[in-house]
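In our numbering, the protein residues as written are 114 to 245.
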């Protein structure tokens, strides 16, 4: 755990996205998702790996030669999070039989409403109002 980090941020680090390979540009910066991160201590053209939380791009973790190197803070933060993060798909909690059962109930209810609408007469409205 790094100084100033909580246990939850460390856990999020373990679950964070990673594997983005980047090169250090001629100005000693890394550009990632339109953000700029200055890096010191590594030569220009060095290939590094970034690991990051897709919901917080203010900080990224740098790995050099498969070992942790440092945490970078964005000097220019254009995007705070990754656009279009894919959502986790959860499997259906219902069995196919249950889904079919509720589909039949919905279809039957729709059919009953349709029959009621077909049998409805506007003349019945006038007689009810006159009776009151």
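Positions of the beta carbon are idealized from the N, C-alpha and C atoms, including for glycine.
Item, Value
"Could you check if residue 163 is buried or exposed, using at least 16 other CB atoms within 10 Å of its CB as the buried criterion?", "buried"
"State the Cα-Cα distance for the pair residue 222 and residue 204, rounded to the nearest angstrom.", "27 Å"
"Are residue 185 and residue 214 close, meaning C-beta to C-beta below 8 Å?", "no"
"For residue 170, which residues from the same chain have a beta carbon less than 8 Å from its beta carbon, with the 5 sequence-adjacent residues on both sides left out?", "145, 146, 148, 187, 190, 192, 193, 194, 195"
"Which residue wins for smallest C-alpha separation from residue 154, given the options 173, 167, 182?", "182"
"Here's the rule I'm using: 16 or more other beta-carbon atoms within 10 Å means buried, otherwise exposed. How should residue 235 be labelled?", "exposed"
"For residue 218, count the other beta carbons within 10 Å of its own beta carbon; 16 or more makes it buried, fewer makes it exposed. Which is it?", "exposed"
"With 16 as the cutoff for other CB atoms within 10 Å, does residue 198 come out buried or exposed?", "exposed"
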